[in-house]
Amino acid sequence: MTFYVESEGTKEDRGTGKDKDFPFPLEETAEKVLRAALSYENCPFEAEINILITDREGIKTYNEEYRGIPKETDVLSFPGVDYEEPGDFSLALSDKNSYFNPETEEILLGDIILCKDRVFSQAEEYGHSVLREFAFLLVHSVLHLLGYDHMEEEDEKIMKKHQDEIMEKLGILR
13 MTFYVESEGT
23 KEDRGTGKDK
33 DFPFPLEETA
43 EKVLRAALSY
53 ENCPFEAEIN
63 ILITDREGIK
73 TYNEEYRGIP
83 KETDVLSFPG
93 VDYEEPGDFS
103 LALSDKNSYF
113 NPETEEILLG
123 DIILCKDRVF
133 SQAEEYGHSV
143 LREFAFLLVH
153 SVLHLLGYDH
163 MEEEDEKIMK
173 KHQDEIMEKL
183 GILR
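According to our numbering, the sequence shown is numbered sequentially starting from 13.
If you want it as structure tokens, here you go:
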């Protein structure tokens, strides 16, 4: 698996994949969470995922630019694969040139933009650790990258079940 973590945090953190404010090793934790989610979903490929960590203003700007919603959010997901059904890679397999990195042969799952400020504030609001909130938002985003959504009640139930089971598998609970 290839993943890139970029933090728009402090000047010295930019482009390093590190962020001194997180109370855990950022890249190591991200990799563990991504691997657990992809394994749970039986992703049959090595994958490439990009993660950008930004602040409240950054996420607000991205949310307005890409979704036309001029307010902050906790996380944005940009799938790189089209699905007929969540986790169904048949479209990707039918067009490998569009969905796979030709150099690494990894599937290009997509991009995640995570709001660092919201990770910390939501952890406090929900009464759990920053690690738990960070992991949860990554799991949530990976499920979006795999074609899941929560716009309809039944889809939300399915996504929630998967999120809960992945977090349990990781042993990162409330």
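Note that CB positions come from ideal geometry on N, CA and C, so glycine has one too. Because the structure is a prediction, the values reported are computed rather than measured.
Considering just the uninterrupted stretch of the alpha helix (DSSP H) at residue i, what are its terminal residues?
| i | result |
| --- | --- |
| residue 106 | 102-106 |
| residue 46 | 38-52 |
Tell me where the beta strand (DSSP E) around residue i begins and ends.
| i | result |
| --- | --- |
| residue 16 | 14-19 |
| residue 96 | Premise fails: residue 96 is in no beta strand (DSSP E) and is neither H nor E. |
| residue 62 | 59-66 |
| residue 123 | 119-127 |
What would DSSP say about residue i, mapped onto helix, strand or coil?
| i | result |
| --- | --- |
| residue 161 | coil |
| residue 110 | helix |
| residue 89 | strand |
| residue 186 | coil |
| residue 27 | Confidence at residue 27 is low in this model, with a pLDDT of 47, below 50, so the placement of that residue should be treated as unreliable; the coordinate-derived value is given next. Coil, per DSSP. |
| residue 153 | helix |
| residue 22 | Per-residue confidence for residue 22 stands at a pLDDT of 48, beneath the threshold of 50, marking its modelled position as unreliable; no derived number is given. |
| residue 146 | helix |
| residue 81 | coil |
| residue 132 | helix |
| residue 33 | coil |
| residue 140 | coil |
| residue 116 | coil |
Kindly give me the distance between the Cβ atoms of residue i and residue j, rounded to whole angstroms, as I take these residues to be in contact under 8 Å.
| i | j | result |
| --- | --- | --- |
| residue 154 | residue 46 | 6 Å |
| residue 158 | residue 99 | 5 Å |
| residue 86 | residue 127 | 5 Å |
| residue 197 | residue 178 | Because the chain here runs from 13 to 186, residue 197 falls outside it and cannot be looked at. |
| residue 65 | residue 20 | 7 Å |
| residue 94 | residue 103 | 5 Å |
| residue 48 | residue 173 | That pair is no contact at about 15 Å. |
Inset, instruction - Determine, using beta-carbon pairs with one atom in the region 115-122 and one in the region 60-80, whether at least three such pairs fall under 8 Å. - result: yes
Legend entry - the region 32-43 touching the region 134-150, judged by at least three CB pairs closer than 8 Å: yes
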